[in-house]
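K.L.:
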Ligand SMILES: Nc1ncnc2c1ncn2[C@@H]1O[C@H](COP(=O)(O)OP(=O)(O)OP(=O)(O)O)[C@@H](O)[C@H]1O
Ligand SMILES: Nc1ncnc2c1ncn2[C@@H]1O[C@H](COP(=O)(O)OP(=O)(O)OP(=O)(O)O)[C@@H](O)[C@H]1O
Ligand SMILES: [Mg+2]
Ligand SMILES: [Mg+2]
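This is the structure in structure tokens:
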């Protein structure tokens with residue numbers, strides 16, 4: 001009565017196309033194609049090399065954060081302080097170097113240590129108190145926002161820090177974080193490369209390592225995970241620290257690129273990171289999602305926000321178009337998946 | 001071998017105090033007392049009748065929204081568009097009356113119908129697509145933000161609508177939405193009364209009606225609920241519409257009180273509503289929480305944000321103190337509950 | 001026997017994507033009789049039950065209630081048609097109190113108009129009574145269901161279905177998590193429901209539970225029917241044999257006993 | 001018999017808030033023997049098991065492993081001490097693939113340093129093999145556990161524990177959701193583990209499952225021990241009687257058969 | 001019954017429609033004002049009016065985040081616009097993008113903030129002035145009124161422009177001034193916060209707000225708290241003009257944002273067609289002008305129409 005694995009009579013055939021459509025990332029990818037085709041049809045600048053370089057730029061920093069936030073979300077948590085942490089990292093580096101004359105590398109190391117510590121505290125409080133990460137990180141979000149502003153005001157008496165390009169070693173930093181690569185006559189930011197690296201690293205971590213397995217378990221059913229020996233607390237804290245690491249990277253990119261930073265930098269971005277992850281197929285309840293999906297979500301967001309400008313739509317209605325495009329993208333994504341699932345499950 | 005219910009040998013005695021502490025609202029209430037005592041000790045104006053009337057005022061409109069949002073959260077959903085909907089309601093009423101000369105009551109009815117329709121669409125899309133409400137309402141949030149600005153700009157050429165006090169029937173509206181009641185020499189806003197009414201109505205709905213039972217089931221385990229015949233879709237849509245109703249009420253209060261409304265009104269408040277609900281003990285994952293708790297959450301937030309001003313702390317650090325107070329309040333709340341649970345479960 | 005069965009299942013088929021869960025299964029359930037559905041793990045028993053209770057709609061075949069074709073589009077429709085189900089996964093909301101779960105979806109109300117409200121006193125009282133009837137003496141009807149033991153939870157689900165099952169009662173492995181005593185109580189419940197004239201569909205892996213109460217036996221294997229027998233056509237021994245595994249238990253008992261010489265030879 | 005048992009449980013007590021789940025329970029588990037824990041629903045069996053597997057810590061009493069007192073502070077510590085458990089709620093993550101669940105918490109790796117990675121090929125292959133060994137022929141190891149039938153899920157959990165149980169294997173009602181054939185397979189597994197020299201703790205409601213494989217029987221009732229017997233001190237009949245309900249099933253069978261005259265008198 | 005005489009806000013249409021044909025240039029305006037900000041909405045009105053008057057095509061975009069603003073400038077350059085108008089709250093952050101535009105041969109005019117760096121980046125000229133100038137004017141005027149202790153109400157935490165305004169007021173006031181933070185999107189709660197400050201610190205005798213809507217609630221808060229504080233505000237709207245007329249607001253400082261937008265587009269058009277540069281490349285000032293009881297009445301109507 002037992003039948004070979006290859007030919008179970010209870011399993012119907014499934015076409016390759018449908019199998020492919022079932023991957024959550026691919027649903028999002030089709031959404032991205034849709035958005036691209038839409039704007040490319042409206043504006044030929046949008047699809048020119050210069051245009052592509054332009055909309056890949058905001059997508060890249062968003063994408064780096066989205067990958068980290070996606071891992072955290074798969075692990076079952078939010079980090080509302082992620083956006084503000086980019087500002088904290090940049091402000092710390094900026095103040096230390098330009099106001100206190102600390103060595104550039106030491107300053108970067110200190111700011112990295114600081115945001116990692118913030119990530120640790122976020123994670124530790126979540127693990128220790130069992131409170132939802134939403135509320136814990138909302139607390140740190142508000143506190144950091146106050147600290148960023150308060151300290152910047154205290155030290156500089158203004159709300160921005162300038163002259164980062166005057167520090168020793170700026171050239172090296174610029175080459176690493178903010179140089180441009182010319183392809184087909186258009187200047188592509190190096191951040192786009194880092195984005196690709198982050199996506200690959202995130203995917204690898206998630207799908208190919210033990211830690212990745214623990215992330216899925218922590219978000220999927222922390223209790224079950226704990227019962228079979230998954231170090232749930234350690235995993236959670238590490239995920240918060242990974243988010244902080246990404247925030248440090250993005251914050252540093254920003255201050256190097258702009259040579260200055262504002263006290264309110266990064267504020268409000270946290271929601272956009274989450275949006276990108278969710279568009280890319282991450283479940284808000286944890287336990288499901290992908291790094292590639294989050295990256296594609298960032299791409300959709302980047303294309304849409306710049307595409308509206310290229311399409312020449314009235315800025316007053318910007319948010320309306322943005323909302324409509326987002327809704328259409330996720331609905332299309334969902335529709336495709338449903339369609340594919342009709343023939344598998 | 002069977003023992004009477006009153007004297008099961010497996011049940012140890014539990015003190016009344018501990019029983020009381022276990023109610024989630026009461027944990028939050030202790031948090032509120034803590035915050036009150038703290039600021040009352042720092043500033044005697046804070047605890048004067050005038051001070052109390054002043055910090056109850058922002059707490060009241062926040063509280064009305066928090067109750068509705070808490071019901072929605074217990075039902076397992078978020079509404080990120082809740083804040084902007086207050087603006088949409090007020091802008092619609094304002095434009096219709098002051099620019100198009102529509103009869104006051106007709107205009108209010110139209111704006112109510114409009115936001116209820118928005119709530120319906122939110123709920124319908126969530127139910128129909130199965131997408132997380134976070135992403136659906138983020139879409140409507142962005143779209144409404146764009147619409148509020150775009151339409152206000154189009155009609156008025158400015159970003160605000162004035163002269164609401166010139167409309168027919170403003171006196172009646174003022175009496176209902178914005179009058180003041182003098183107690184102990186201080187003027188208390190009537191919104192505080194409506195807040196109390198909303199809290200009682202919300203609690204009654206949640207705990208004493210069939211619909212309340214359905215809310216808990218929808219948020220706790222929608223599948224199980226569906227299997228025993230709970231109309232999950234209808235419950236969800238109704239919850240979104242209740243949130244819209246509250247937004248209409250708060251938006252109307254605002255335009256009546258200020259006699260003008262801005263295109264951006266309400267933007268960003270949605271997170272604060274959720275915070276209030278969460279401080280009050282609502283689970284972010286749904287299925288657990290209370291209306292009274294959400295109201296107390298609003299109270300804590302109102303006291304904290306005004307208390308910082310009464311305490312005379314530096315405004316640059318405002319957000320820092322706000323974050324720290326929030327974190328302390330929820331941690332204290334949590335600690336008390338843990339302590340109480342040590343002796344029950 | 002009455003001529004028209006309460007429920008007739010004709011050639012029902014159900015696939016999930018590319019998984020064929022059920023194909024061409026038929027049986028009847030008569031008022032005052034118990035139809036047992038037996039079969040291996042993954043045979044499709046729960047799938048069949050979910051079709052009867054409106055959770056899934058069949059891809060092929062039809063259901064006849066009182067001889068008339070029906071479409072059970074949702075669990076609500078099934079409940080309204082008098083069909084109550086104890087699901088294998090119990091369909092309880094863990095965070096909700098026992099009494100709230102008990103009446104979930106069918107809350108008794110009192111008052112009228114805007115003052116119509118959940119009749120708590122009745123609900124709590126009924127819950128306590130129905131559970132006591134089953135031999136479960138709950139400490140506190142306000143306890144969240146999530147903190148009950150597996151068996152206690154199962155008992156609550158069964159008590160609920162028995163309370164609401166007007167014409168047809170469906171039980172998906174109701175005894176699997178139960179102790180001997182509680183399982184006995186459940187079997188008595190099934191018999192009592194049957195004697196009250198209800199139709200009962202009873203799923204179990206235990207032929208010793210099925211045979212005493214069953215009137216018809218539908219045996220499934222890998223989504224297909226191996227036959228649909230009246231009790232008169234089958235002995236307990238035959239039934240046990242048909243359930244893939246047969247009298248294996250007996251035989252197993254011998255096999256498991258180790259050779260007495262080896263006993264105690266516990267390797268360090 | 002070796003003189004020092006693998007695991008000794010001495011006077012263990014556990015309360016949850018005001019609920020006393022276990023009080024003063026003792027027994028021993030020897031290498032190469034099976035200790036069965038039997039008892040009604042809510043008797044405290046799962047609570048005892050969770051203490052042995054490090055999920056809960058006892059409020060009183062002690063555990064001795066190889067004669068030395070131990071404190072199992074977490075499931076990880078228990079696993080590291082060679083204790084693997086099949087929980088009643090299975091401890092599986094529904095959204096994760098079968099093979100990922102199988103190796104959850106004990107993932108095999110290959111490569112080194114930053115390139116140390118989950119050895120997927122080994123994991124998938126092992127999962128498939130271990131499940132085939134149990135007679136479960138899974139279609140696709142990548143299928144999420146949440147879409148398996150109840151019994152399939154239980155089989156995966158058992159196969160996992162057997163694979164990782166180095167010294168002591170604990171099974172909390174592993175056979176409750178299983179078909180006759182699969183239950184037989186599990187009993188054989190238990191016997192095989194025992195014969196390999198592992199200590200086994202086996203919880204069940206079915207004396208017919210417990211008696212053939214058990215060497216010791218701990219009987220719990222409402223959190224207290226009714227006694228801890230060696231097999232030689234007890235017959236199957238006595239065991240069944242002790243399990244509150246006794247030979248009731250037999251008797252029940254008669255009771256449930258209706259008076260032949262009434263048969264068919266199905267009320268409309 | 002719908003009677004349109006109830007429509008209290010209906011406005012007269014201002015100005016004739018734009019010249020037919022016109023110049024047909026494509027001009028991009030990229031500012032740092034957040035969407036819905038009252039001040040920048042008036043700038044946008046000026047830009048659009050100039051566009052229709054000159055017959056140019058305008059694309060207006062804005063983002064408060066400097067990196068995003070830079071990306072919007074890059075997008076404009078990609079589209080090969082004929083002229084670019086930029087406000088530079090954070091000049092360093094925009095440097096690369098503005099220079100890229102100049103290098104691409106696009107004439108650039110900076111408006112509002114960034115005057116000191118305008119020339120350096122290669123812009124034709126700068127129109128308007130830093131918030132500093134307006135702030136100093138307010139500080140001086142309040143000093144003349146004998147203010148002993150003031151609060152400056154910031155309605156968007158960390159906003160560079162707003163912080164500059166408060167700092168500039170402080171620099172010329174010569175009396176203690178404290179910043180107070182409120183939320184522009186929740187004016188009701190803002191009112192309570194201002195009232196709280198006035199209740200708890202009765203020494204405060206001056207209130208400075210940084211935008212029209214906040215000025216209105218500040219006036220109400222002063223009344224409710226029974227304070228005698230005098231109120232001055234930046235920027236105009238209809239309510240502020242009325243408040244000034246009624247004496248609830250001492251004065252409002254007006255930078256004529258409409259003019260900043262209108263003139264920038266006009267000047268770019270003239271430069272493209274005729275290589276004209278007004279002021280020969282020197283900064284063109286648009287203010288500050290004080291709106292007081294004397295001139296408020298005339299301006300009220302215009303403010304309601306969104307041009308002042
Ligand atoms: N929603 C679903 N999606 C995909 N496959 C499903 C779904 N529900 C059931 N199946 C598959 O259909 C088959 C039959 O499942 P079903 O739950 O009906 O079995 P069962 O007879 O109840 O088994 P058990 O005795 O273990 O409860 C199984 O192989 C299962 O994996
Ligand atoms: N975390 C907990 N909090 C409160 N009470 C608990 C908890 N866990 C178990 N209990 C209670 O302790 C008692 C024993 O539960 P346990 O799960 O050990 O029973 P069991 O013997 O495994 O029953 P079953 O055969 O039904 O699985 C039950 O009355 C249960 O309600
Ligand atoms: Mg089943
Ligand atoms: Mg148990």
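Residue numbers (this note's numbering), protein chains in the order written: chain D, 1 to 345; chain F, 1 to 345; chain S, 1 to 268; chain E, 1 to 268; chain Z, 1 to 308.
Glycine included, every Cβ here is placed at the ideal spot set by N, Cα and C.
Just so we're clear, the structure is a prediction, and the values are computed from it rather than from any experiment.
Near residue 210 (chain F), which residues of its chain fall below 7 Å by C-beta distance, leaving aside the five closest residues on each side in sequence?
P.N.:
none
K.L.:
What distance in whole Å lies between the Cβ atoms of residue 29 (chain F) and residue 217 (chain Z), which are believed to be in contact at a cut-off of 8 Å?
P.N.:
Actually they are not in contact, since the Cβ atoms of residue 217 (chain Z) and residue 29 (chain F) sit about 31 Å apart, beyond 8 Å.
K.L.:
Considering residue 234 (chain D), what are the terminal residues of the alpha helix (DSSP H) in which it resides?
P.N.:
232 to 258
K.L.:
Rounding to the nearest angstrom, what Cα-Cα distance links residue 158 (chain S) and residue 181 (chain S) in this structure?
P.N.:
Distance between the alpha carbons of residue 158 (chain S) and residue 181 (chain S): 15 Å.
K.L.:
Report the neighbours of residue 128 (chain F) on chain S: residues whose CB is nearer than 7 Å to its CB, in chain order.
P.N.:
By Cβ distance, chain S contributes nothing, its closest Cβ being about 15 Å from residue 128 (chain F), past 7 Å.
K.L.:
Would you say the beta carbon of residue 68 (chain Z) comes nearer than 8 Å to a heavy atom of ligand 3?
P.N.:
no
K.L.:
Quick check for students: name the residue ranges of the beta strand (DSSP E) that lie wholly in the stretch 175 to 216 of chain F, counting only runs of 3 or more.
P.N.:
180 to 183 and 186 to 189
K.L.:
By how many angstroms is the C-alpha of residue 125 (chain D) removed from the C-alpha of residue 38 (chain E)?
P.N.:
41 Å
K.L.:
Note down, in chain order, each residue of its chain lying with its Cβ closer than 6 Å to the Cβ of residue 226 (chain E), except the 5 sequence neighbours on either side.
P.N.:
219
K.L.:
Roughly how many angstroms lie between the CA atoms of residue 228 (chain D) and residue 102 (chain D), to the nearest whole one?
P.N.:
47 Å
K.L.:
Regarding residue 118 (chain S) and ligand 2, is the C-beta to nearest heavy atom distance less than 8 Å?
P.N.:
no
K.L.:
Cβ-heavy atom distance between residue 209 (chain S) and ligand 1 below 8 Å?
P.N.:
No, the Cβ of residue 209 (chain S) stays beyond 8 Å of every heavy atom of ligand 1.
K.L.:
Excluding the 5 residues preceding and the 5 following residue 281 (chain D) in the sequence, name in chain order all residues of the same chain whose CB lies nearer than 7 Å to its CB.
P.N.:
A distance below 7 Å between beta-carbons, with the five flanking residues on each side excluded, links residue 281 (chain D) to the following residues of its chain, in chain order: 24, 25, 27, 28, 289, 290 and 293.
K.L.:
So for residue 155 (chain D), helix, strand or coil by DSSP?
P.N.:
helix
K.L.:
Okay, do the stretch 63 to 70 of chain D and the stretch 261 to 276 of chain D touch, 3+ Cβ pairs below 8 Å being the bar?
P.N.:
yes
K.L.:
Just how far apart, CA to CA, sit residue 268 (chain Z) and residue 108 (chain Z)?
P.N.:
8 Å
K.L.:
Can you grab the Cα-Cα spacing for the pair residue 140 (chain F) / residue 147 (chain F), in whole Å?
P.N.:
Spanning the alpha carbons of residue 140 (chain F) and residue 147 (chain F) requires a straight line of approximately 10 Å.
K.L.:
With 9 Å as the threshold, decide whether the Cβ of residue 35 (chain D) is near any Cβ in chain Z.
P.N.:
no
K.L.:
Please work out which residues of its chain come closer than 6 Å, Cβ to Cβ, to residue 261 (chain Z), disregarding the five sequence neighbours upstream and downstream, and give them in chain order.
P.N.:
43, 46 and 47
K.L.:
Tell me whether residue 272 (chain Z) sits in a helix, a strand or coil according to DSSP, three-state version.
P.N.:
For residue 272 (chain Z), the three-state secondary structure derived from DSSP is helix.
K.L.:
What is the DSSP secondary structure of residue 247 (chain S), counted as helix, strand or coil?
P.N.:
In this prediction, residue 247 (chain S) has a pLDDT of 45, which is less than 50 and means its spatial position is unreliable; what the coordinates show is noted afterwards. Looking at residue 247 (chain S) - three-state DSSP - the assignment turns out to be coil, as it is neither helix nor strand.
K.L.:
Of the choices F:52, F:301, F:225 and F:78, whose alpha-carbon is the least far from that of residue 136 (chain F)?
P.N.:
F:78
K.L.:
Under 9 Å between C-beta atoms, does residue 79 (chain D) make it to chain F?
P.N.:
Chain F has no Cβ within less than 9 Å of the Cβ of residue 79 (chain D).
K.L.:
By the 10 Å Cβ neighbour count, where 16 or more other Cβ atoms means buried, how is residue 108 (chain E) classified, buried or exposed?
P.N.:
Exposed, since its Cβ has fewer than 16 Cβ neighbours within 10 Å.
K.L.:
Would residue 160 (chain Z) count as contacting chain C if we go by Cβ distances under 9 Å?
P.N.:
The structure shown contains no chain C; its protein chains are D, F, S, E and Z.
K.L.:
Can you name the residues of chain S whose CB is closer than 7 Å to the CB of residue 150 (chain E)?
P.N.:
Ordered by position in chain S, the residues that pass the 7 Å Cβ test against residue 150 (chain E) are 88.
K.L.:
Mind listing the chain Z neighbours of residue 264 (chain D)? Cutoff is C-beta to C-beta under 9 Å, in chain order.
P.N.:
64, 65, 156, 157, 158, 159 and 160
K.L.:
Using three-state DSSP, classify residue 336 (chain F) as helix, strand or coil.
P.N.:
Helix at residue 336 (chain F).
K.L.:
State whether the stretch 162 to 177 of chain S contacts the stretch 41 to 56 of chain S, with contact taken as three or more CB pairs (one from each stretch) at a distance under 8 Å.
P.N.:
yes
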